[in-house]
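Q: For the sequence shown, UniProt numbering gives the first residue as 1, with consecutive numbering after it. Ideal Cβ positions, reconstructed from N, Cα and C, are used throughout, including at glycine. Computed from a predicted structure; not experimentally measured. This is the structure, below, for whatever I ask next.
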Amino acid sequence: MQDPPFFITLAESEKVEVYAGAIYDAIYLYAIALNETLAAGGKKKDGKSIVGRMMSREFEGASGQVKIDSSGDREPDYSLKYYVNGSFQNIADYNHSTGGFNLRDVIVIWAGGRTTPPADHPPCGWVNEHCVEQDQEASRLINVAIGSATAGVVVLALVFIVITRYFDRYM
1 MQDPPFFITL
11 AESEKVEVYA
21 GAIYDAIYLY
31 AIALNETLAA
41 GGKKKDGKSI
51 VGRMMSREFE
61 GASGQVKIDS
71 SGDREPDYSL
81 KYYVNGSFQN
91 IADYNHSTGG
101 FNLRDVIVIW
111 AGGRTTPPAD
121 HPPCGWVNEH
131 CVEQDQEASR
141 LINVAIGSAT
151 AGVVVLALVF
161 IVITRYFDRY
171 M
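Have a look at this one:
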């Protein structure tokens, strides 16, 4: 914050939200485009001209190097953060200007206290495509159990019918 454009010295306990830099950059971009429009003889209410001058532009903003593409979208920088001991630590950063990815040497404690990241898919896959044999084995076992139970009931029913007819005929 001591550097341009702010020239402010903050106490250690004071923190500036990241959004402050983004808001500054947005207003700064608008001011640049408005100045160029006015310098070219345009009017401050000529939104098409102002927006057109915002496209495909690069400048140094409060949040760092700002690049606006031909669609008017800002090329973003990303930071991957990890919450530990009540504060966020940066684990990795991506810089769009350089295309560089900086991975810091930090041990991340994942869910369950593990130091290795979780698998990117369940052991058997999302639709059991990796455990087809186990599924077929279980299916066969269930079919055999149901078939055996059904056959047992049919045999017991036949035995009951035969015994009942025998007693009816001879008793």
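1. Along the beta strand (DSSP E) that carries Gly100, what are the first and last residues, could you check?
2. Please name the residue, chosen from Leu103, Asn85, Arg53, that lies closest to Leu34 on a Cα-to-Cα basis.
3. Grouping DSSP H, G and I as helix and E and B as strand, with all else coil, what is Ala11?
4. When you compare the segment 58 to 65 with the segment 37 to 49, are there three or more beta-carbon pairs, one atom per stretch, that lie closer than 8 Å?
5. Which residues does DSSP pair with Gln65 in a beta bridge?
6. Does the contact criterion of 3 or more C-beta pairs under 8 Å hold for the segment 71 to 79 versus the segment 88 to 98?
7. Spatial neighbours of Arg104 within its chain, please: C-beta separation below 7 Å, excluding the five flanking residues on both sides.
8. Need the endpoints of the alpha helix (DSSP H) that Lys45 sits in, please.
9. With which residues is Ser87 paired in a DSSP beta bridge?
10. Closest to Tyr19 by CA distance: which of Ile27, Ser13, Glu12 is it?
11. How many angstroms separate the CA atom of Ile32 from the CA atom of Ser49?
12. Could you tell me which residues DSSP pairs with Tyr78 in its beta bridges?
A: Looking at the coordinates:
1. Indexing the sequence shown from 1 puts residue 100 at position 100. DSSP places Gly100 in the uninterrupted beta strand (DSSP E) bounded by 100 to 103.
2. What you label residue 34 is simply residue 34 of the sequence shown in a count that begins at 1. Answer by Cα proximity: Arg53.
3. Translated into positions along the sequence shown, residue 11 becomes position 11. In the structure shown, Ala11 sits in coil (DSSP, three-state: anything other than H, G, I, E or B).
4. Contact fails: fewer than three Cβ-Cβ distances are below 8 Å.
5. As a working mapping, residue 65 is identified with position 65 in the sequence shown. Beta-bridge pairing by DSSP links Gln65 to Glu60.
6. Because the criterion of three Cβ pairs below 8 Å is met, the segment 71 to 79 and the segment 88 to 98 touch.
7. Working through the sequence shown from its first residue, we reach residue 104 at position 104. Excluding sequence neighbours, Arg104 sits near Asn90, Ile91, Ala92.
8. On the sequence shown, position 45 is the one that residue 45 refers to. DSSP places Lys45 outside any alpha helix (DSSP H), giving it a letter other than H or E.
9. Mapped onto the sequence shown, residue 87 falls at position 87. According to DSSP, Ser87 bridges with Val84.
10. For the purposes of this step, residue 19 is taken as residue 19 along the sequence shown, with counting starting at 1. Closest option to Tyr19, Cα to Cα, is Ile27.
11. As a first step, residue 32 must be located in the sequence shown, where it is residue number 32. As a first step, residue 49 must be located in the sequence shown, where it is residue number 49. Those two C-alpha atoms are separated by around 12 Å.
12. What you label residue 78 is simply residue 78 of the sequence shown in a count that begins at 1. Looking at the DSSP output, Tyr78 sits in a beta bridge with Tyr94.
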